[in-house]
Amino acid sequence: MKKSHLRYLQCPVCGRKPVLVDHRISGSEISRGKLLCETGLHFFPIVLGRPLIIKDNSIANWLPPINKALGINIQESYQDSLGRLGEMGIEGALSRNEKVKPCRKPFNDENYFKYYDRKILNKAKYRKSGVFFNYYNRMRFKKYSDLKFIKNSGNEMFNKFLDICLCLKPKKILDLASGSGSLLTSLVNNAKEIDFAYGVDNDIFCTWSLQYRLDHLKNAGRTEAFGVDVRYLPFKDNLFDLVTCNVSLTEIQGISQLLTEAFRVLRTGGRLVICNLSEPFKSNYYQTESSSWIKMKDIKKFCKAADLFFDFPRFNQFAEQIGFKGNKEFFFSRNNNDYFVKVWSKTI
Ligand SMILES: C[S@@+](CC[C@H](N)C(=O)[O-])C[C@H]1O[C@@H](n2cnc3c(N)ncnc32)[C@H](O)[C@@H]1O
Numbered sequence: 019m020k021k022s023h024l025r026y027l028q029c030p031v032c033g034r035k036p037v038l039v040d041h042r043i044s045g046s047e048i049s050r051g052k053l054l055c056e057t058g059l060h061f062f063p064i065v066l067g068r069p070l071i072i073k074d075n076s077i078a079n080w081l082p083p084i085n086k087a088l089g090i091n092i093q094e095s096y097q098d099s100l101g102r103l104g105e106m107g108i109e110g111a112l113s114r115n116e117k118v119k120p121c122r123k124p125f126n127d128e129n130y131f132k133y134y135d136r137k138i139l140n141k142a143k144y145r146k147s148g149v150f151f152n153y154y155n156r157m158r159f160k161k162y163s164d165l166k167f168i169k170n171s172g173n174e175m176f177n178k179f180l181d182i183c184l185c186l187k188p189k190k191i192l193d194l195a196s197g198s199g200s201l202l203t204s205l206v207n208n209a210k211e212i213d214f215a216y217g218v219d220n221d222i223f224c225t226w227s228l229q230y231r232l233d234h235l236k237n238a239g240r241t242e243a244f245g246v247d248v249r250y251l252p253f254k255d256n257l258f259d260l261v262t263c264n265v266s267l268t269e270i271q272g273i274s275q276l277l278t279e280a281f282r283v284l285r286t287g288g289r290l291v292i293c294n295l296s297e298p299f300k301s302n303y304y305q306t307e308s309s310s311w312i313k314m315k316d317i318k319k320f321c322k323a324a325d326l327f328f329d330f331p332r333f334n335q336f337a338e339q340i341g342f343k344g345n346k347e348f349f350f351s352r353n354n355n356d357y358f359v360k361v362w363s364k365t366i
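What follows is the structure, given as C-alpha cells:
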C-alpha cells in the first residue's frame with residue numbers, strides 16, 4: 019500500500035481517520051503494519067502490502083449468498099444452495115436468515131492475527147507472484163500476466179461497459195467486488211489519465227492477485243487493492259467520480275447496503291455503472307413441484323428478506339429510493355442469460 023492513499027481512508031466502524039502504526043516500508047510500499055483508528059479502538063492489518071480494512075468475520079472464502087444468508091458455511095453451486103432453501107421450506111429459511119447487521123461494534127483485535135497464519139501467508143505469497151492456483155474451480159489462467167487488457171475482447175457487453183466508463187473520463191475510480199479484476203484492470207489500462215483507481219473485495223486472496231495485475235499496468239502507482247466488505251466501505255464521503263460493479267451482485271448479501279455506501283462515497287454528479295445478470299433465477303428448474311425445490315415466489319420472498327439480488331427492476335427501484343437517478347441502460351443476451359448494463363448518477 020502506498021502512503022499517499024491514507025488520506026482518502028476512514029474507519030468503516032466509526033468514520034474516523036486511520037493512523038499508520040508499527041509499519042515497515044519496502045521501496046515505495048508499506049509492506050506491513052496496522053491502520054489504527056483515531057479512537058484507538060479499531061485496527062486493521064496491512065498484510066504483505068494489502069490493507070485489510072474489514073471486519074474479521076467478513077473475510078470470506080466464496081460462499082453462495084443464499085448459504086451466507088442462512089448461516090451455512092459450505093461452498094457449493096447456486097443450484098445446490100437453492101435446493102437447501104427448498105428442503106428448509108420458506109418459513110424455515112426465513113427464520114434462519116440473519117439480516118446484514120450495521121457495522122457498529124468494535125472489531126475483535128485478537129482474531130486478526132489468525133490471518134498472519136503461515137498457511138494463509140504462503141497462499142498469499144503465491145498469489146502475489148501472479149500464479150493463479152485452482153480456486154473453487156475458478157482457475158482460468160496460469161499466470162495473471164497472460165491476460166491481455168484489450169478493449170475489443172469480442173465480448174459486446176463487456177466492451178459496452180468499458181466504453182461507458184471510459185467516456186465518463188473518470189479521475190477517481192472505485193470498483194466494487196473486483197475479484198481478480200477483469201473490469202478494473204481493463205479500465206485502468208485503457209483510461210487516459212486517472213488520479214487513482216481502487217479495487218475492493220472481501221476475498222483477501224483476490225486482493226493480492228488484483229494488486230499483482232495492477233502492478234503490471236502503467237498506472238501501478240495510482241492503483242490499490244483493498245480487503246474490504248463492500249457494505250462497509252472505508253473511504254471518505256464524496257470521493258469518487260465513478261463506482262463500478264461487474265457481474266457481482268448475485269454474489270453479495272446486502273445489496274441495498276452496498277447501494278447506500280456507493281451513494282455515500284460518490285461525489286455529486288458522480289456515476290455508478292453496473293453490469294449484472296438481469297434475472298438470475300429465471301430458469302424453470304427452480305420451479306418444479308418436487309419437494310426439494312422451491313417456487314419462484316418463495317425465492318423472491320427470501321431474496322427480499324435477506325437483501326439478495328433478485329431482478330433488475332427491483333434493484334433499480336432500490337437505487338432510486340436511495341437517491342440515484344437512472345440514466346442509460348442496455349440489455350444483452352449472452353450464453354442464454356440476460357444481462358443489463360446501467361448508469362445511475364448521484365444528483366442532489
Ligand atoms: C464474480 S466475482 C467479481 C468479478 C469482477 N467484478 C470482475 O470484473 O472480474 C464476485 C466477487 O464478489 C466478491 N464479494 C462477495 N460478497 C462481497 C462483499 N460483501 N464484499 C466484498 N466483496 C464481495 C467475491 O469475493 C467475488 O470475488
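Throughout the sequence shown, residue numbering follows the numbering used here, covering 19 to 366 in sequence. Ideal placement from N, C-alpha and C gives every residue a C-beta, glycine not left out.
(message) Quick check on DSSP: helix, strand or coil for Asn-302?
(response) Here residue 302 refers to the residue found at position 284 when the sequence shown is read from its first residue. Unreliable positioning characterises Asn-302 in this predicted model, as indicated by a pLDDT of 49, which lies under 50. A coordinate reading is not provided.
(message) For ligand 1, I want to know if Asp-181 counts as a neighbour, meaning its beta carbon is within less than 6 Å of at least one of the ligand's heavy atoms.
(response) By 1-based counting over the sequence shown, the position of residue 181 is 163. No - ligand 1 has no heavy atom lying nearer than 6 Å to the Cβ of Asp-181.
(request) Report yes if the C-beta of Asn-264 is less than 6 Å from at least one heavy atom of ligand 3; otherwise report no. (result) You won't find ligand 3 in this model; what it holds is ligand 1.
(message) Let me see if you follow: with CB-CB separation under 7 Å, is Arg-114 close to chain C or not?
(response) Checking the listed chains, one finds no chain C in this structure; it contains a single protein chain.
(message) Tell me whether Ser-200, by its Cβ, gets closer than 6 Å to a heavy atom of ligand 1.
(response) Translated into positions along the sequence shown, residue 200 becomes position 182. True, at least one ligand heavy atom lies under 6 Å from that Cβ.
(request) May I ask you to check if the CB of Ala-142 is nearer than 6 Å to at least one heavy atom of ligand 1? (result) Counted from its first residue, the sequence shown places residue 142 at position 124. Not under cutoff, so the answer is no.
(request) With DSSP as the reference, label Arg-158 as helix, strand or coil. (result) Your numbering for residue 158 matches position 140 in the sequence shown. Only weak support exists for where Arg-158 lies, its pLDDT of 47 falling under 50; the coordinates are left without a value.
(request) Give the DSSP-derived three-state secondary structure of Arg-50 in the structure shown. (result) Within the sequence shown, the letter at position 32 stands for residue 50. If DSSP states are grouped into helix, strand and coil, Arg-50 belongs with the strands.
(request) Might you give, ordered along the chain, the residues of its own chain that have their beta carbon closer than 7 Å to the beta carbon of Val-190, omitting 5 neighbours on each side? (result) Numbered from 1 along the sequence shown, position 172 holds the residue referred to as residue 190. In the sequence on display, residue 190 carries Lys and not Val. Result list for Lys-190: Asp-213, Phe-214, Leu-257, Phe-258 and Asp-259, in chain order.
(message) According to DSSP, is Ser-163 part of a helix, a strand, or is it coil?
(response) Translated into the one-based positions of the sequence shown, residue 163 becomes position 145. Unreliable positioning characterises Ser-163 in this predicted model, as indicated by a pLDDT of 48, which lies under 50. A coordinate reading is not provided.
(request) Would you mind sorting Phe-349 into buried or exposed? The rule is 16 or more other CB atoms within 10 Å of its CB. (result) Counted from its first residue, the sequence shown places residue 349 at position 331. The residue is exposed, with fewer than 16 neighbouring Cβ atoms inside 10 Å.
(message) For a quick check, are the C-beta atoms of Ser-198 and Leu-228 less than 7 Å apart?
(response) Locating residue 198 in the sequence shown gives position 180, where the first residue counts as 1. Locating residue 228 in the sequence shown gives position 210, where the first residue counts as 1. Taking 7 Å as the Cβ cut-off, Ser-198 and Leu-228 qualify as a contacting pair.
(request) Kindly provide the ranges of any alpha helix (DSSP H) runs that are 4 or more residues long and lie completely inside the region 244 to 322, ordered along the chain. (result) 273 to 283
(message) On the criterion of 16 or more Cβ atoms from any shown chain inside 10 Å, does Phe-159 qualify as buried, or is it exposed?
(response) By 1-based counting over the sequence shown, the position of residue 159 is 141. Caution is warranted here: a pLDDT of 47 is assigned to Phe-159, below 50, making its placement in the model unreliable, and the coordinate value is therefore given only provisionally. Phe-159 is exposed by the Cβ-count criterion.
(message) On the criterion of 16 or more Cβ atoms from any shown chain inside 10 Å, does Cys-55 qualify as buried, or is it exposed?
(response) One-based indexing of the sequence shown puts residue 55 at position 37. That one is buried.
(request) Determine the extent of the beta strand (DSSP E) in which Ser-99 is found, giving its start and end residues. (result) As a position in the sequence shown, residue 99 is number 81, starting the count at 1. Ser-99 -> not in any beta strand (DSSP E); alpha helix (DSSP H) instead, spanning 96 to 114.
(message) I need the DSSP call for Asp-233, collapsed to helix, strand or coil.
(response) Taking the first residue of the sequence shown as 1, we reach residue 233 at position 215. The answer is helix: DSSP assigns Asp-233 an H, G or I state.
(message) I'd like to know whether the C-beta atoms of Leu-277 and Ile-340 end up nearer to each other than 7 Å.
(response) As a working note, residue 277 is residue 259 in the sequence shown. As a working note, residue 340 is residue 322 in the sequence shown. For Leu-277 and Ile-340, yes; Cβs fall inside 7 Å.
(request) Helix, strand or coil for Asn-152, going by three-state DSSP, please let me know. (result) Here residue 152 is taken as the residue at index 134 of the sequence shown, counted from 1. Note that Asn-152 scores a pLDDT of 47, beneath 50, so its modelled location is shaky; the value from the coordinates is reported in the next line. The answer is coil: DSSP assigns Asn-152 none of H, G, I, E or B.
(request) With DSSP as the reference, please indicate the residues paired to Asp-193 in a beta bridge. (result) Against the sequence shown, residue 193 aligns to sequence position 175. Answer is Gly-217 and Thr-262.
(request) Quick one: grab the DSSP three-state call for Leu-326. (result) Locating residue 326 in the sequence shown gives position 308, counting from the first residue. Note: Leu-326 maps to coil in three-state DSSP.
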